[in-house]
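Visitor: Protein sequences, first through last, are from chains E, X and G. For the first sequence, UniProt numbering gives the first residue as 1, with consecutive numbering after it. For the second sequence, UniProt numbering gives the first residue as 1, with consecutive numbering after it. For the third sequence, UniProt numbering gives the first residue as 1, with consecutive numbering after it. Even glycine gets a Cβ: it sits at the ideal position worked out from N, Cα and C. Okay, here's the structure, questions in a sec.
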Amino acid sequence: MSLFGNNLSDAEKCFIIHGIQDDFRTDGRSCDNYRTIELAVNVLTNTHGSSKVRLGNTELLVGVKVELGKPEKATPDEGRIEFHVDCSPNATPAAQRKAANKDFVNNIESMLVRTYANKIAIDLTSLCIIKGKMCWIVHVDVLILECGGNILDCTSLGVKSALQDTGIPRVVVKSGDEGEEEVELPDDPFDVQHISVNNVPILVTVSFVGTRHIIDATVEEESCCSASVVMGVTRRGRILGVRKQCGGSLNPETLVEMLEFGKKSGRQLHVALDKMLKSYEKGTTGYL
Amino acid sequence: MSRCSFKAWDLLMLLFVTLLLFCFAFISMEHILGQKCIPGERLTSVESCRSGTGTYQRQGYIFASLTGVVCKEEKETDLPILYVASRHKAQSVPEVGNIVTCKITQISSRFAKCQITAVNNCSLAHAFRGMIRKEDVRSTERDKVEIFKSFHPGDIVLAKVLSLGDAQWYLLTTAENELGVVVAQSENGTPLTALSHNEMQCPVTHVKESRKVARPQKEHIGFPER
Amino acid sequence: MATDSRRLAVPQSSLDPKSLCPAKVERLLNDEEQRLDGRYSSESRGIYLQCGTVSQAKGSCYCELGNTKVVCSVYGPKDVEHYEDFQMEGKIKCEFKYAPFSCSKHRGHIPDLSEAEISDVILQALTASVRLQCYPKSLIEVFIIVLENDGSAVSASITAASLALADAGIEQYDIVTSASVRVYGNGNFLEDPTSVEEYRPQDFDSESGGDLNHGLVTVALLPTLNQVCAVLSNGHLECDVLVETIQMCTSLAQNLYTAARKCLLSSVKSVDQNNA
């Protein structure tokens with residue numbers, strides 16, 4: 001993603017590539033290590049669910065709001081989930097140029113839509129209230145505060161945490177006057193139901209730099225990489241979407257290695273994230 | 001005695017095999033000349049030819065990068081050059097040192113901006129933008145040049161590419177005798193005739209206008225018969 | 001991209017009449033292992049490729065894959081836009097669009113998110129093959145329009161775009177060929193799917209349980225160099241099934257090389273005859 005410029009000299013790129021070849025990256029990590037992830041949920045009061053994620057130098061806020069709406073004609077017993085990504089000029093002054101900003105943001109949105117557009121990720125039938133007439137529409141809005149590389153992974157971590165934190169009001173359907181059904185909201189604001197996030201994907205970006213593949217690339221490493229593959233991995237290891245990025249070509253054997261490496265990293269990330277989210281189940285406000 | 005003959009036999013075999021390989025290489029290269037090729041096809045090895053336009057080298061072999069016919073250009077002192085002749089003109093982008101034909105679009109006190117329409121006599125499908133700075137107009141008295149006395153908007157100029165310049169403009173120069181204004185129009189629209197290296201005259205009003213005129217090459221000059 | 005950012009799309013108040021009849025979920029493979037159009041799972045549709053169809057463009061290609069029809073035109077190399085920075089390498093701009101009448105549901109005339117994503121994927125594939133260092137400070141524009149979409153439009157577009165670039169005389173390391181495979185249940189791989197066979201989340205209902213693999217995988221390949229330059233997949237697949245599908249797509253794309261080569265060589269012949 002060329003939004004953030006390519007100001008590295010050839011010598012610096014060479015240094016990064018040689019370091020990766022020896023399994024020693026510029027910040028001391030090995031090729032299969034993620035940077036420190038800081039996560040906080042329930043950070044915004046006006047949302048039904050929210051999270052703030054910091055992965056190294058990448059920081060973003062995810063807010064989830066649910067609204068009542070009409071289901072699509074083709075799927076009368078399902079709700080909808082809609083993604084929107086915004087990159088604030090805080091992240092980089094280059095975000096002010098509309099065309100480049102739009103491409104960058106579309107890239108993230110389309111990958112989220114691709115990996116969530118199946119029946120495995122989220123059970124959309126649980127969002128239906130009255131078949132054909134009323135359903136919940138879940139709006140997931142991502143705001144990028146700072147971009148320090150690996151934005152897709154960070155976004156998917158934020159989305160999973162925010163969805164886990166989302167409390168949808170438990171509505172009651174009553175038959176009102178003239179035989180029409182009416183929907184009643186509960187009096188208790190904490191009477192909520194949660195969406196099951198057991199099969200929600202986490203995006204893993206595996207970048208091919210020099211002769212080795214790495215995960216969680218920083219901005220400098222991203223500008224040295226010749227090709228990268230983004231994949232949505234569920235906790236069970238199912239792959240919900242794959243897309244190759246960066247204009248370079250890969251050997252078919254290398255591609256297979258990268259996919260298996262990504263699957264393994266994705267599963268480990270799910271385990272770590274679930275452990276962290278479990279400790280939040282009691283409920284916290286504000287952020288660490 | 002037997003050891004000597006063995007050595008001679010060995011040498012003879014080596015010579016025969018080398019000759020066979022050379023012939024084979026020669027035959028296989030002759031086989032591809034005149035053949036049509038598409039990008040990515042392997043043509044020959046680097047040992048028999050050098051790569052020209054429309055080809056590239058990879059891992060000791062020459063591959064085609066254009067769709068066309070494989071041709072060879074012989075060189076006396078070096079390996080022949082293998083190139084691919086396609087239906088499109090070889091030149092699609094101006095390179096440093098090419099003679100370009102351009103049309104002046106804008107002039108100021110420090111430079112003249114123009115549109116490059118042809119490179120090396122091949123017209124381009126899309127025009128590129130070029131700029132002739134004040135100090136690149138002529139080679140003598142470079143700082144005393146006045147752009148208005150050298151070019152006018154609408155003139156057709158022959159120039160040489162100095163460098164790729166910056167993002168928007170190619171840098172051009174007319175600091176040679178054969179470079180400069182070729183076709184120009186006077187203020188009332190009639191084509192001007194060249195008088196000298198810095199003057200042109202309108203045939204209708206006989207008004208002289210100053211331009212940096214290109215010297216016509218010898219083959220284009222016709223002298224009247226006595 | 002030609003997306004109009006100043007205007008918000010008016011919410012659709014019109015309906016596709018097909019949405020009023022109940023959704024019919026069909027089995028894609030019958031008991032004799034035949035697909036809905038009579039092909040077997042390892043049979044591809046015939047491909048037709050022709051270069052030089054658009055006279056005004058520098059290079060162009062028309063591709064027909066069964067009923068899917070794609071036209072691609074290439075313009076350039078031309079000067080970069082005013083706001084671009086200096087680059088020693090050329091730049092490719094790719095625009096992919098479904099014609100509004102091409103799919104079974106009417107599409108808007110402003111490119112939407114999925115078309116922008118496919119444009120990006122095609123751009124990755126072409127960037128891997130074009131020798132951009134030969135075109136400093138230049139822009140090469142590739143425009144792809146799908147006239148009729150009956151499945152595998154993305155793979156047909158990638159092949160057409162690469163042949164259009166070759167027809168335009170743009171130097172490439174190798175041409176790009178592409179193929180798609182639909183994974184249907186366990187062990188069923190449908191080559192070159194039609195639009196009915198392409199993956200949709202609704203198809204899930206007809207199969208039992210969530211353990212079966214369903215998805216659509218598209219792979220673009222540089223055939224002589226044997227390098228993968230684009231991968232796109234959706235649906236839900238186990239890793240080893242995904243790997244097997246990618247290998248199948250790779251071999252299908254390799255098989256397309258002979259057809260692509262024949263198309264390019266015939267375009268050279270026709271020009272020679274014009275010159276002679």
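(1) Could you tell me which chain E residues have their CB closer than 9 Å to the CB of G/Ile246, listed as they occur along the chain?
(2) Can you have a look at E/Thr285 and say buried or exposed, based on whether 16 or more other CB atoms are within 10 angstroms of its CB?
(3) For a quick check, are the C-beta atoms of G/Ala230 and G/Val121 less than 8 Å apart?
(4) Cβ of G/Gly90 within 8 Å of Cβ of G/Leu132?
(5) At least one CB of chain G closer than 8 Å to the CB of E/Ala75: is that the case?
(6) Please identify, using Cβ separations under 7 Å, the residues of the stretch 220-239 of chain E that lie next to chain G, in order along the chain.
(7) Tell me where the beta strand (DSSP E) around X/Gly180 begins and ends.
(8) With a CB to CB cut of under 6 Å and the five nearest residues on each side skipped, what residues in its chain are close to G/Thr245?
(9) Just by C-beta distance, which residues in the stretch 110-122 of chain E are closer than 9 Å to chain G?
(10) According to DSSP, E/His84 sits in a beta bridge with which residue or residues?
(11) In the DSSP assignment, what residue or residues form a beta bridge with X/Leu43?
(12) In the DSSP assignment, what are the bridge partners of E/Arg212?
(13) Excluding the 5 residues preceding and the 5 following G/Gln254 in the sequence, name in chain order all residues of the same chain whose CB lies nearer than 6 Å to its CB.
(14) Given a cut-off of 8 Å on the beta-carbon distance, is the pair G/Glu197 and G/Thr68 in contact?
(15) Rounding to the nearest angstrom, what Cα-Cα distance links X/Ile114 and X/Asn121 in this structure?
(16) Taking the beta strand (DSSP E) that E/Glu181 belongs to, which residues open and close that run?
(17) So G/Val228 contacts chain E; which residues on that side make the cut at Cβ distance below 7 Å?
(18) Contact between the stretch 173-186 of chain E and the stretch 75-89 of chain E: three or more CB pairs below 8 Å?
(19) Rounded to whole angstroms, how far is the Cβ of G/Cys51 from the Cβ of G/Cys63, which I believe are closer than 8 Å?
(20) Would a C-beta distance cut-off of 8 Å place X/Phe63 and X/Glu41 closer than the cut-off?
(21) Among X/Thr190, X/Arg138, X/Tyr56, X/Tyr170, whose alpha-carbon lies nearest the alpha-carbon of X/Ser70?
(22) Locate the alpha helix (DSSP H) running through E/Met111, then write down its first and last residues.
(23) Could you tell me the distance, in whole angstroms, from the CA atom of E/Val171 to the CA atom of E/Val192?
(24) When DSSP labels each residue in this structure, what does G/Pro17 get in the three-state scheme?
(25) Going along chain E, which residues have a C-beta under 8 Å from G/Glu238?
(26) Determine whether the Cβ of G/Val80 lies closer than 8 Å to any Cβ atom of chain A.
(27) Does the CB of G/Ser206 have a neighbour CB from chain E at under 8 Å?
(28) Answer yes or no: does any C-beta atom of chain G fall closer than 8 Å to that of E/Cys31?
(29) Are the Cβ atoms of G/Val219 and G/Val228 separated by less than 8 Å?
(30) Give the interface partners of G/Pro201 over in chain E, defined as CB-CB distance under 8 Å, in chain order.
(31) Could you check whether the Cβ of E/Cys14 sits closer than 8 Å to any Cβ belonging to chain G?
(32) Kindly identify the DSSP beta-bridge partner or partners of E/Pro169.
(33) Out of curiosity, what's the CA-to-CA distance linking G/Gly169 and G/His82?
(34) Between the C-alpha atoms of E/Thr125 and E/Trp136, what's the straight-line distance to the nearest angstrom?
(35) Where DSSP assigns a beta bridge to X/Cys114, which residues make up the other side?
(36) Closest to G/Ser13 by CA distance: which of E/Thr115, E/Cys147, E/Lys73, E/Ala117 is it?
Guide: Well, looking at it:
(1) Val242, Pro252, Leu255, Val256, Leu259
(2) Summary for E/Thr285: the model assigns pLDDT 44, below 50, so the residue's position carries little reliability, and this model does not support an answer.
(3) yes
(4) yes
(5) Here residue 75 of chain E is Thr; the residue named in the question, Ala, does not match the sequence. For E/Thr75, the answer is yes, since a Cβ of chain G falls inside 8 Å of its Cβ.
(6) Val229, Gly237, Arg238, Ile239
(7) 180-183
(8) Val181, Val183, Val217
(9) Ser110, Met111, Val113, Arg114, Thr115, Ala117, Asn118, Lys119, Ile120, Ala121
(10) E/Asp141
(11) Per DSSP, none; premise fails for X/Leu43.
(12) E/Val209
(13) Pro223
(14) no
(15) Going by the sequence as given, residue 114 of chain X is Cys instead of Ile. If you take the alpha carbons of X/Cys114 and X/Asn121, they lie about 17 Å apart.
(16) 181-184
(17) Ser249, Leu250, Pro252, Leu255
(18) no
(19) Rounded, the Cβ-Cβ distance is 10 Å, inconsistent with contact.
(20) yes
(21) The question names Ser, but residue 70 of chain X is Val in the sequence shown. Out of X/Thr190, X/Arg138, X/Tyr56, X/Tyr170, X/Tyr56 has the C-alpha closest to the C-alpha of X/Val70.
(22) 98-116
(23) 9 Å
(24) helix
(25) Gly237, Arg238, Ile239
(26) Given the protein chain composition of this structure (E, X and G), no chain A is represented.
(27) Only weak support exists for where G/Ser206 lies, its pLDDT of 47 falling under 50; the value from the coordinates is given anyway. No, G/Ser206 lies away from the interface with chain E (no Cβ there is under 8 Å from its Cβ).
(28) no
(29) yes
(30) Ala117, Asn118, Lys119
(31) no
(32) E/Val192
(33) 25 Å
(34) 10 Å
(35) X/Ile104, X/Gly130
(36) E/Lys73
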